[in-house]
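Numbering (numbering that gives the first Met the number 0), first residue to last: 0 to 444.
In what follows, a single structure is set out as structure tokens and then discussed.
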Amino acid sequence: MNKLFASIHKELLLIRRDRAGLLVLFVMPAVLVLIITLVQENVLKTIGESTLKMLFVDKDRQAVGKAIEKKLLDSGAVEIIKTLNGRQIEEKAALEAIAGGDYQLCIVVPEGITNAVRLNAREAVEASLFRNRKKPENSGNIPALDVYFDPAVLGGFRSAVRSSLELVVFGIEVREKMNALSEMLPEYVVENIRKTVGPLATEDLTAQAPRVKLDWSPTRVLEIKEKVASPKFFKSTPTSVQQNVPAWSLFGIFFIVVPMAGTLIKERLDGTSLRLMSMPVSYITIISGKVLAYAMICVAQFGLILFIGKVLLPILGTPQLYMGTDPFALVVVALSAILAATGYGVMLGTIVRTYEQASMFGPISVVIAAAIGGIMVPVYAMPKLMQQISMISPLGWGLNAFLELFVRGGNISSILPEVFSLLGFFFCTLLVSCIVFVRRGKTGL
Numbered sequence: 000m001n002k003l004f005a006s007i008h009k010e011l012l013l014i015r016r017d018r019a020g021l022l023v024l025f026v027m028p029a030v031l032v033l034i035i036t037l038v039q040e041n042v043l044k045t046i047g048e049s050t051l052k053m054l055f056v057d058k059d060r061q062a063v064g065k066a067i068e069k070k071l072l073d074s075g076a077v078e079i080i081k082t083l084n085g086r087q088i089e090e091k092a093a094l095e096a097i098a099g100g101d102y103q104l105c106i107v108v109p110e111g112i113t114n115a116v117r118l119n120a121r122e123a124v125e126a127s128l129f130r131n132r133k134k135p136e137n138s139g140n141i142p143a144l145d146v147y148f149d150p151a152v153l154g155g156f157r158s159a160v161r162s163s164l165e166l167v168v169f170g171i172e173v174r175e176k177m178n179a180l181s182e183m184l185p186e187y188v189v190e191n192i193r194k195t196v197g198p199l200a201t202e203d204l205t206a207q208a209p210r211v212k213l214d215w216s217p218t219r220v221l222e223i224k225e226k227v228a229s230p231k232f233f234k235s236t237p238t239s240v241q242q243n244v245p246a247w248s249l250f251g252i253f254f255i256v257v258p259m260a261g262t263l264i265k266e267r268l269d270g271t272s273l274r275l276m277s278m279p280v281s282y283i284t285i286i287s288g289k290v291l292a293y294a295m296i297c298v299a300q301f302g303l304i305l306f307i308g309k310v311l312l313p314i315l316g317t318p319q320l321y322m323g324t325d326p327f328a329l330v331v332v333a334l335s336a337i338l339a340a341t342g343y344g345v346m347l348g349t350i351v352r353t354y355e356q357a358s359m360f361g362p363i364s365v366v367i368a369a370a371i372g373g374i375m376v377p378v379y380a381m382p383k384l385m386q387q388i389s390m391i392s393p394l395g396w397g398l399n400a401f402l403e404l405f406v407r408g409g410n411i412s413s414i415l416p417e418v419f420s421l422l423g424f425f426f427c428t429l430l431v432s433c434i435v436f437v438r439r440g441k442t443g444l
């Protein structure tokens with residue numbers, strides 16, 4: 000045991016001397032978590048969690064334009080801007096503001112749209128009730144609501160805005176058709192009475208046809224309720240913090256392979272490894288000391304990222320990190336990921352022969368594993384082939400386990416497959432390291 004503690008102490012002394020490496024290990028993931036989380040949080044707010052500023056030009060100034068404005072304001076997600084620089088906004092000025100990137104969206108209600116909508120609604124109802132009547136020659140001209148977007152606005156945002164406006168327009172269309180039906184229904188009833196009764200239909204009889212006002216209660220008869228699919232009915236949805244804190248902490252943990260591999264190669268090249276092996280110390284003890292020493296660094300690194308997610312990010316305006324209800328499971332996942340990362344560092348330092356090779360292959364392999372594991376882009380957004388490939392990434396295993404705890408309300412039993420995969424990866428990397436070491440002999444060259 001004293002030999003193991005001595006090996007750990009030796010590694011910690013070497014780590015302390017590499018101040019630049021320590022700075023990278025702690026600052027890099029912290030900066031990534033801060034920047035990417037804040038950027039994603041702003042994007043999420045832009046696409047629906049905050050008020051959208053919208054230019055609104057109403058040339059018609061009648062019922063349709065007022066109804067559209069009221070519906071948009073009632074949604075609570077839109078701030079309508081009708082003046083620029085203290086003056087009533089005109090279409091030309093609005094388009095210039097959109098083209099300049101000052102605003103992303105402008106709605107223009109054309110002149111005469113109210114009369115056109117009412118006329119079309121009346122003609123549609125009349126065509127349904129009185130099929131034998133001839134349509135007016137100028138019928139069928141459908142008025143259009145003009146929506147201008149900044150060219151830089153993405154398609155998903157355009158689709159969301161268009162869908163919302165379609166619902167508003169549909170509501171106006173239904174209301175106008177109901178008004179037209181209210182006016183024409185008595186005439187339709189009288190006409191059918193005369194056809195049915197014939198000569199017996201007196202003026203008194205037809206005059207008594209009911210006058211109706213078709214309207215409906217605002218009470219909903221069907222609604223959409225959004226829920227989260229979770230075995231424990233977890234009601235909170237994933238936030239940018241819950242995605243990025245575990246993702247980039249894993250990324251930082253696996254970057255430990257660079258200094259680990261570097262120290263192994265340096266010790267082998269300067270003869271330190273040979274001198275250590277000439278002492279009554281086994282290879283397993285030396286490697287265990289190295290793994291435990293770097294694991295301590297990873298634990299401190301992981302604690303720093305959790306502190307940022309729990310304390311610092313909320314100060315900057317993001318949601319607070321919620322880490323689930325099973326602290327023991329969180330510790331198990333973190334330690335499993337740390338062991339997997341240190342095991343990979345030992346294997347890399349044992350296999351490669353120069354520090355240049357390690358500094359090139361190590362970071363690139365970690366970035367690739369992060370990319371296919373869902374660290375940078377969620378796995379569900381990838382093509383089907385990439386989703387299948389993502390199953391081989393140890394960073395993906397760790398991220399899945401963290402999201403199971405943070406978002407789905409999982410416990411230790413629900414993350415066991417990912418934990419066993421990470422531990423299996425750790426033991427496989429150590430086995431490969433031992434095989435390579437034995438084949439090369441004590442010098443490792």
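Built from N, CA and C at the ideal position, the CB exists for glycine as well.
With a cutoff of 8 Å on beta-carbon distance, GLY323 and LEU268 are scored as not near each other. Residue GLN300 holds the alpha-carbon nearest to the alpha-carbon of GLY251 among GLN300, CYS105, SER358. The C-alpha of GLU172 lies about 19 Å from the C-alpha of LYS58. Fewer than three pairs of CB atoms, one per stretch, sit closer than 8 Å, so the stretch 75-87 makes no contact with the stretch 26-35. In this structure, the beta-carbon distance from LEU394 to PHE253 falls below 8 Å. In this structure, ALA120 sits near ALA179, with a CB-CB distance shorter than 8 Å.
Look at PHE148 here: in three-state DSSP terms it is strand. Inclusion of VAL345 and THR428 in the CB contact set at 8 Å is warranted, their separation being smaller than that value.
In its chain, beyond the 5 residues on either side, MET322, GLY323, LEU404 have a beta carbon closer than 7 Å to the beta carbon of LEU329. Per DSSP, the unbroken beta strand (DSSP E) holding GLU78 starts and ends at 77-80. In the structure shown, VAL107 falls within a strand segment according to DSSP collapsed to helix, strand and coil. Within a 10 Å sphere around the beta-carbon of ASN399 sit 16 or more other beta-carbons, which makes this residue buried. Residue pairing of LEU83 in beta bridges, as defined by DSSP: ARG86. Of the candidates GLY409, PHE55, LEU315, GLY409 places its Cα closest to the Cα of ASP325.
Distances from the CA of ALA292 to each of LYS309, GLY316, VAL256 were compared; the closest alpha carbon is that of VAL256. Around MET53, the same chain offers LEU71, VAL77, GLU78, ILE79, ILE80, TYR102, LEU104, CYS105, ILE106 as residues with beta carbons nearer than 8 Å, after the five sequence neighbours per side are excluded. For PRO245, the enclosing alpha helix (DSSP H) starts and ends at 239-253.
Closest option to ALA98, judged by alpha-carbon separation, among ASP149, VAL56, PRO142: ASP149. Rounded to whole angstroms, the separation of the alpha carbons of LYS265 and TYR282 is 16 Å. In the three-state DSSP reduction, PHE55 falls in the strand class (E or B). Remark: C-beta atoms of VAL406 and GLN241 approach each other more closely than 8 Å. If you compare the alpha carbons of LEU33, VAL366, TYR187, ASN243 with that of PHE129, the shortest gap goes to TYR187. Excluding the 5 residues flanking it on each side, ALA115 has same chain C-beta neighbours closer than 6 Å at PRO142, in chain order.
A buried status is given to LYS289, since no fewer than 16 other beta-carbon atoms sit within 10 Å of its beta-carbon. In the DSSP assignment, MET295 falls within the alpha helix (DSSP H) that extends over 282-306. ASP145 and VAL418 have their C-alpha atoms roughly 55 Å apart.
VAL32 is positioned such that its CB atom lies no closer than 8 Å to that of ILE388. In the three-state reduction of the DSSP assignment, ASP269 falls in the coil class, being assigned neither a helical nor a strand state. Note on PRO258: 16 or more other CB atoms within 10 angstroms of its CB, so buried under the neighbour-count rule.
ARG161 sits in a helix when the DSSP states are folded into three classes.
In chain order, ALA328, VAL332, ALA400, GLU403, LEU404 place their CB closer than 7 Å to the CB of ILE414, counting only its own chain and leaving out the 5 sequence neighbours on each side. One alpha carbon belongs to ALA368, the other to GLY100, and they sit about 37 Å apart. Buried is the label assigned to LEU320, since at least 16 other Cβ atoms lie within 10 Å of its Cβ. CA-CA distance, ARG161 to GLU175, rounds to 21 Å. Counting the other Cβ atoms within 10 Å of the Cβ of ILE337 gives 16 or more, which makes it buried.
The closest CA to that of GLY170, considering only VAL351, GLU68, LEU184, is found on GLU68.
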